[in-house]
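Heads up, the thing below is written out as structure tokens.
Number of protein chains: 4
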Amino acid sequence: MTEQVTKKTGKRSGTDARQVKSRHALRSAMLTLLERKPLDEITIRDIAAESDVGYTTFFRHYPSKADLLNDIAADEIRNLVDLSMAGANSTDMRAGSLVLCAYVQQHRALWSTLLTGGAAGVMREEFLRISREVAAEHGEWGGWVPRELGTILAVTTIVEIIAWWLSQPEDAGFSSARVADMIYHLAIAPTLPGSGPARA
Amino acid sequence: MTEQVTKKTGKRSGTDARQVKSRHALRSAMLTLLERKPLDEITIRDIAAESDVGYTTFFRHYPSKADLLNDIAADEIRNLVDLSMAGANSTDMRAGSLVLCAYVQQHRALWSTLLTGGAAGVMREEFLRISREVAAEHGEWGGWVPRELGTILAVTTIVEIIAWWLSQPEDAGFSSARVADMIYHLAIAPTLPGSGPARA
Amino acid sequence: MTEQVTKKTGKRSGTDARQVKSRHALRSAMLTLLERKPLDEITIRDIAAESDVGYTTFFRHYPSKADLLNDIAADEIRNLVDLSMAGANSTDMRAGSLVLCAYVQQHRALWSTLLTGGAAGVMREEFLRISREVAAEHGEWGGWVPRELGTILAVTTIVEIIAWWLSQPEDAGFSSARVADMIYHLAIAPTLPGSGPARA
Amino acid sequence: MTEQVTKKTGKRSGTDARQVKSRHALRSAMLTLLERKPLDEITIRDIAAESDVGYTTFFRHYPSKADLLNDIAADEIRNLVDLSMAGANSTDMRAGSLVLCAYVQQHRALWSTLLTGGAAGVMREEFLRISREVAAEHGEWGGWVPRELGTILAVTTIVEIIAWWLSQPEDAGFSSARVADMIYHLAIAPTLPGSGPARA
DNA sequence: CTCTAATCGAGACGGTACGTCGCGTCTTACG
DNA sequence: CGTAAGACGCGACGTACCGTCTCGATTAGAG
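Quick look at the structure:
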């Protein structure tokens, strides 16, 4: 995640207990603050205060607040993507959607903060970035839409659906299964071969 | 848009020739700068310098750079929406899509700046805001997807498609008609009745 | 003193009432603080607070606290030197000494701060610098001691005598005249021709 | 000098080989750095790096860099003063001056660093402090100048002469003897009885 | 010669001050 | 006499050192 390196071991992100603690405190603080205000109203001083970490110490871990957020985002998104990819045997998109929704449901508070709080914009971009990487690894693309556009649309649609879902009251009756269904029909199916216009 | 008031007349956005000139200069400068860097790297001093208007004068027109951008965005989006709505008799979505694409094509430089430059995020939000207003005026909603979600998806998908289109070289072979087709099949059709899952 | 320049007039140190006021406030504050602590324990924030001037504004006038002090020092020393030079017809050193002592006596509080407060070191250096300039303008040097050394000794001795004088209670009985006498016999006479060792 | 105490013995400045080594390394490093830049541009981290001693270790020996310098200064000055005092039988000031100059000449590099490098200010003050102590032990004072002032002038003059001497190229022809002469005539003689003004 | 405790290096940490940048207000001197 | 030019107070930024505090890893010197 970060480029921090311990000289002796060459491993990333030193394992010094103090470092781990500070790092975690910073991430928690960031999430707490994101529930309250958009990213650009959060100052590094806010984060330091909220996390009970020295202002200077922030920079010992992240060069900017954007990097902290990206660290969090990349971690969480990677978790999510790995899980959905693993859950589905990579061809069965419906299964993948369901796993994804179930996972989000389990961590509703976290994802609510990330997707409907002040970090929404960053999350969308990071999602897209990671998805493009994943997409690039898959050789085939059978859709009638240009691949690049297809990826963009699938991802942004999925993210929008989930963000909308998270903004609904939890008892509004939208189960993971139903949302997974929506994702399939709205985000995935439309770009599949056969869904497009009858080509001239 | 802004709250500026001319003392004598009490009217908004004075029509004094100097005011009009300054205002236009500010908007042009903002667009020029947006081609070069993202919104948050543009300072009010940049805009003042670029537009050859006194720094203080900026504040006589807009309380912040966000307001200037919103002013531009709202104007342009309103133009766009009005046109597509008028072009289509509101039921024929295909026609509307085509008008919209044609209009964007005519003002390609402007929209390229707005949607692929530093203002992209703001534009998406403003698009959504205005579309929600418009959608609220229409009583009926036949889709199998919750109306709010349907609006979000349609708008974000349209915006993404157009943004992608504008980022392609102009000679890549994507005509307005073809893009309008994509919009119809990817953004509009999927939420229409009959496209959803076979309901239990 | 400073390099500030008004674009239009080309004059130094703008005459804007606010500038003059800020500048004066900063100088006063510096002197006040120097009565209390040495230069390197005075922070720019202290000066700003003491002078009721914004922290940032300090830098609009001086690039560092050393420059502020040098500004003050150079001004005051120049005053002092000009006066002593004028008072004496440049050959009569006794008269010059007397004028100098009288002037210091008149501004005892100021010089007390400058020479016995936290700025003493800087003042000694600045005195020497200016004296060297003045000495360089005089062609002749009849002393038996190398000219450079003679200047150093005369200046440091004068400064030490005055600093010592200012540290005495005012009623200790050392009149300007008596101090001027000391200066003559201790700082000036020893380097004059005829005072040295009988040369082999 | 320092307050470091070995628990068992209660003695100051432990004799542990490692301590002695670190201490010496720190002093050398300080002198090396003083040749290059003024005291206030030398950071404790510089000293630690230069001396190949851990940063933390510095504080195990000295509470601040000023204390390290004072330690060095006091040692060296004490050496110098003891020698001059012993060399002269305390009445023959000429002999003392000569011994002093000879000693400085022998350790020219060291004294050059101390008096013309970044530590000059501190050295002057320390010289004065120690001289005052020595002067206080001598009961008599026959000069026509107040004793306190006499001490100040003698010491500062001697220091200035030596600093000037050290700044000259070594082959400029100023022998120890000649400098001792200057010291006698410029720093000592002027305050002796009979040199002052003809008293009324 | 061994073992115990002093010493050391490394470096994370909470701080304080720095000097810079941009904001938005308010004053002023000029046209 | 209005307006642009710009001085100003403010507050966040990111940096540099400070001095404190753990940690292990040596290593000196007492037994």
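Chains as they are written, first to last, in this note's numbering: chain A, 2 to 201; chain B, 2 to 201; chain C, 2 to 201; chain D, 2 to 201. Ideal Cβ positions, reconstructed from N, Cα and C, are used throughout, including at glycine. Quick caveat, the model's predicted, so the values are computed rather than measured.
Residue contact with chain A for residue 161 of chain B: present (Cβ-Cβ distance below 8 Å to some residue of chain A). Using a CB distance cut-off of 8 Å, residue 158 of chain D counts as an interface residue toward chain C. Nearest to residue 193 of chain D by alpha-carbon distance, out of D/157, D/146 and D/169, is D/146. By the criterion of at least three beta-carbon pairs nearer than 8 Å, the region 172-179 of chain D is not in contact with the region 165-180 of chain C. Residue 84 of chain B and residue 118 of chain A have their alpha carbons spaced roughly 33 Å apart. Contact between residue 128 of chain C and residue 189 of chain C fails: their C-beta atoms lie close to 15 Å from each other, not under 8 Å. Taking 3 residues as the minimum length, the region 29-115 of chain A contains no beta strand (DSSP E) run wholly inside it. Under the Cβ distance rule, residue 41 of chain C counts among the residues neighbouring chain D, one pair being separated by less than 8 Å. Scanning chain B for C-beta atoms nearer than 9 Å to the C-beta of residue 53 of chain A yields nothing, as the closest lies near 28 Å away. Residues of chain B with a Cβ closer than 9 Å to the Cβ of residue 165 of chain A are, in chain order, 147, 149, 150, 153 and 154. Going by DSSP, residue 189 of chain B is part of no alpha helix (DSSP H) at all; its letter is neither H nor E.
Non-local C-beta neighbours of residue 38 of chain C in its own chain, meaning closer than 6 Å and more than five positions away in sequence, comprise 119, ordered along the chain. In the three-state reduction of the DSSP assignment, residue 158 of chain A falls in the helix class. For the C-beta of residue 182 of chain B, the chain A residues within less than 7 Å are, from N- to C-terminus, 198. Residue 72 of chain C counts as buried, since at least 16 other C-beta atoms from the protein chains shown sit within 10 angstroms of its C-beta. Membership of residue 182 of chain A in the alpha helix (DSSP H) is indicated by the continuous run 177-183. Taking C-alpha positions only, residue 183 of chain A is separated from residue 162 of chain A by approximately 8 Å. Nearest Cα to residue 93 of chain A within the set A/111, A/185 and A/32: A/185. Proximity of residue 64 of chain D to chain C, defined by a Cβ-Cβ separation below 8 Å, is not satisfied. By alpha-carbon distance to residue 53 of chain B, the top candidate from B/66, B/141 and B/25 is B/25. Nearest neighbour of residue 132 of chain B by Cα position, chosen from B/154, B/112, B/114 and B/144, turns out to be B/154. With respect to residue 69 of chain D, residue 31 of chain D sits close: the two C-beta atoms are nearer than 8 Å.
By the beta-carbon neighbour count (other beta carbons within 10 angstroms, threshold 16), residue 191 of chain C is buried. Of the residues C/66, C/177 and C/144, the one whose Cα lies closest to the Cα of residue 99 of chain C is C/177. Taking CB atoms only, residue 186 of chain B has a neighbour in chain A less than 8 Å away. Assignment of residue 196 of chain B by DSSP, reduced to helix, strand and coil, places it in the coil class. Membership of residue 135 of chain B in the alpha helix (DSSP H) is indicated by the continuous run 121-138. The C-beta of residue 122 of chain B comes closer than 8 Å to at least one C-beta of chain A.
For residue 191 of chain B, the nearest beta carbon of chain A is closer than 8 Å to its own beta carbon. In the structure shown, residue 149 of chain B falls within a helical segment according to DSSP collapsed to helix, strand and coil. In this structure, DSSP gives residue 142 of chain C a state outside helix and strand, which the three-state scheme calls coil. Around residue 159 of chain D, the same chain offers 184 and 188 as residues with beta carbons nearer than 7 Å, after the five sequence neighbours per side are excluded.
Taking C-alpha positions only, residue 55 of chain D is separated from residue 57 of chain B by approximately 54 Å. Only exposed fits residue 18 of chain D, as fewer than 16 other CB atoms lie within 10 angstroms of its CB.
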